[in-house]
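What follows is a short report on a single structure.
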Amino acid sequence: MKKVYQVERAKKAVILARVSSKEQEEGYSLEGQGNNARAYCQRKGLDVLETFSFSESSTKGTRKKFHAMLDFIDKQDECIAIVSDTVDRFQRSFKETLELNPKLNAGKVELHFVSNGLVLHKNSPASDKTMWNMCVLMAESYVLQLSDNTKRGIHQKIKDGEWPGKAPLGYKNIMNEQGKRIIVIDPTTAPLVKKLFEMYATGNHTLRGLTQWLVDEGFKGRRGSKYFLSTIDRTLKNPFYYGMMKVRGETRPHIHGSLIDKHLFDMCQNVRNGYHQQHTHYGSKEFVFRSVIKCADCGTLISPYTKARKTKNGVHYHTYLMCSHYKAKKDGFACTAEQINEKDALQQTQAALEKIKVAPEVLKVALDELQTSTFNDLEYLRNKEIAAKKRLGSIDSERKSLFAKEATGLIDESFLTARLKELKTEEEQLKRATQSNTEAKAKQAYTAERVLNLINRLPELFKNGSKVEQKRAILKLVLSNVELKGKKLYFFYEKPFGLLSEGLSCSKWYRGRDLNP
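The numbering of the sequence shown is this note's numbering, which starts it at 8 and goes up by one.
Here it is, written out as structure tokens:
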């Protein structure tokens, strides 16, 4: 005769209701799960001790809220029934099975899955445990299939030139009319990003300075917080802004539009590399001559530093410029650059700027010659712009054709990616060509009087300007290079300032000449 085991069943219960994320709370009602479980407990005569209702993934992380429920059960002195609506609300992998099997076998817990009609306890038959494992297997299979579908979707988005994640600063994620999530340019922050690139490309601003500028201008992040230096750093080295996205170690063109051209991006990277090649203790401070002066003998950037001197009247700070002599010592040659006070350097620079001040009649002759040269350049640029626009149209057509051929299997993905990169590079070059034409036309708007006023006021602006960045901007505008030999600075002018400085020395020749023969 078959022996029948008497099982002491649970009389108390806890209820578990779970969704995977906050977004699922409405669709997979926690309240509905709780109501079903409470009705079940009432029918079965189970006294509900606690209800655990929460949003938590069953496959990611350590399931803190789930384990809080187990800790509560461990503190009880009797067998507790865990009541959940379905198996997949309770678990989606076998790791929970490994934790619960010892508790089931010890008679510490029972598992009640309402909608599955399944009850597990210490002496459950093998068929019930097999059914539990089958339900877990189906739940895990659903997660794996969902993961595969997500990966395929992300791969297809990347293939189509779409960014699969959160939009970077200057862009935003929106839902279009078809209910598809897309990325578009944010009209609020896009001008801010473009301004950051333009300011940084001048070489007159540090990352810390740009961060402070954002604070001073009152710009806020997405959540109302201030922008951090790390955010600005990531933004300035992100190729997304000129139309390329970095995905899995590859750089691919995207379809979300560009805020800047590659030329401006490359200018910013050159500034970054220039700053990063030679670190100094005072790299975060603003100095007039930082990254401006080079040693005439070894080519090393002259480093500014501040030194404190104690006097009877207190502590005074002085800024000096010096060459590290590193390259000279390394390669074994003499370096004649000596330490100089920043005040001496400013005086020498002021004298160099005074050289570009010219008489109005001298500037008029230069402007007449410049106007003739500009006319010829503009004619060339117009023809170049026409050809560039024509080629841009054919590039767009070729891009569409490549996507169609790849979809039908005529070309493979590697060929498509390589050709798209080539077209993107050519497109950027053509856009720069058309943009330079526009800029050249804009330069015509400047009158001779405005140019004259600017040139003759630069020495005064440099001398009286209180802001370091203003002085640095003037130096970058006028000078192409500055070298230190001994304690003397040698200046090399940008065009046309070099011609104007030379014209000053021969102004008597111009005055003696009939300007209107």
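Every residue, glycine too, gets a C-beta built ideally from N, C-alpha and C. In this text the structure is predicted, and so the values were computed from the model without any measurement.
For residue i versus residue j, is the C-beta spacing smaller than 9 Å?
| i | j | result |
| --- | --- | --- |
| H74 | E169 | no |
| E429 | R398 | no |
| A24 | F61 | yes |
| E117 | A88 | yes |
| K136 | L144 | no |
| N245 | P171 | no |
| K319 | I309 | no |
| K530 | I347 | Any property of residue 530 remains undetermined from this structure, which presents the chain solely from 8 to 524. |
| I165 | L266 | no |
| E490 | F499 | yes |
| L486 | E476 | no |
| Y234 | F247 | no |
| S298 | G216 | no |
| L236 | T258 | no |
| G58 | G41 | For clarity, residue 58 is Thr in the given sequence; the question names Gly instead. Cβ atoms of T58 and G41: closer than 9 Å. |
| S148 | E103 | no |
| K269 | E435 | yes |
| L243 | L214 | yes |
| A344 | K492 | yes |
May I ask you to report which of helix, strand or coil DSSP gives residue i?
| i | result |
| --- | --- |
| Y207 | helix |
| T287 | Confidence at T287 is low in this model, with a pLDDT of 45, below 50, so its placement is unreliable and the value that follows should be read with caution. The answer is coil: DSSP assigns T287 none of H, G, I, E or B. |
| V150 | helix |
| Y234 | coil |
| C142 | helix |
| K494 | coil |
| E169 | coil |
| D240 | helix |
| F59 | strand |
| F422 | helix |
| T183 | It is Asn, not Thr, that sits at residue 183 in the sequence shown. Three-state result, N183: coil. |
| A113 | coil |
| F504 | helix |
| A17 | coil |
| A24 | strand |
| R464 | helix |
| K294 | For the record, residue 294 in the displayed sequence is Phe; it is not Lys. Here F294 sits in coil by DSSP. |
| C302 | strand |
| A411 | helix |
| V121 | coil |
| N42 | helix |
| R314 | Note that residue 314 is Lys in the sequence shown, not Arg. DSSP places K314 in strand when its eight states are reduced to three. |
| D193 | coil |
| S487 | strand |
| L417 | coil |
| R70 | coil |
| L427 | helix |
| L199 | helix |
| F469 | helix |
| L127 | strand |
| L53 | coil |
| L221 | helix |
| L176 | coil |
| Q451 | With a pLDDT of 49 at Q451, under the threshold of 50, the modelled position of that residue is not reliable, and the figure given next carries that caveat. Correct three-state label for Q451: coil. |
Rounded to whole angstroms, how far is the Cβ of residue i from the Cβ of residue j, which I believe are closer than 8 Å?
| i | j | result |
| --- | --- | --- |
| A208 | V295 | Not confirmed; about 19 Å, so no contact. |
| L77 | K19 | Not a contact, Cβ separation roughly 15 Å. |
| T356 | L496 | 7 Å |
| R99 | V150 | 5 Å |
| H325 | K314 | 6 Å |
| G264 | K431 | Rounded, the Cβ-Cβ distance is 13 Å, inconsistent with contact. |
| L409 | L437 | About 18 Å separates the two Cβ atoms, so there is no contact after all. |
| K129 | L153 | That belief does not hold up - the Cβ atoms of K129 and L153 are roughly 34 Å apart, past 8 Å. |
| R50 | I22 | Going by Cβ atoms, the distance from R50 to I22 rounds to 14 Å, so no, they are not a contact pair. |
| Y333 | Y312 | With 8 Å as the limit, Y333 and Y312 do not qualify as a contact, their Cβ atoms being about 15 Å apart. |
| R72 | E85 | According to the sequence provided, residue 72 is Lys. The question's Arg does not apply to it. Wrong, their Cβ atoms sit about 23 Å apart, outside the cutoff. |
>> Could you tell me which whole beta strand (DSSP E) segments of length 3 or greater appear in the stretch 76-109?
In response: 87-91
> In chain order, which continuous runs of the alpha helix (DSSP H) of length 4 or greater are located wholly inside the stretch 242-285?
Replying inline: 269-284
>> In chain order, what are the residue ranges of uninterrupted alpha helix (DSSP H) at least 4 long that sit wholly in the stretch 317-376?
In response: 333-338, 349-361
>> Would the stretch 164-180 count as touching the stretch 195-206 if we require 3 or more Cβ pairs under 8 Å?
In response: yes
>> When you compare the stretch 391-409 with the stretch 345-362, are there three or more beta-carbon pairs, one atom per stretch, that lie closer than 8 Å?
In response: no
> Are at least three pairs of beta-carbons, each pair with one atom in the stretch 298-309 and one in the stretch 338-357, less than 8 Å apart?
Replying inline: yes
> Would you say the stretch 86-100 touches the stretch 119-126, given that touching needs at least three Cβ pairs under 8 Å?
Replying inline: yes
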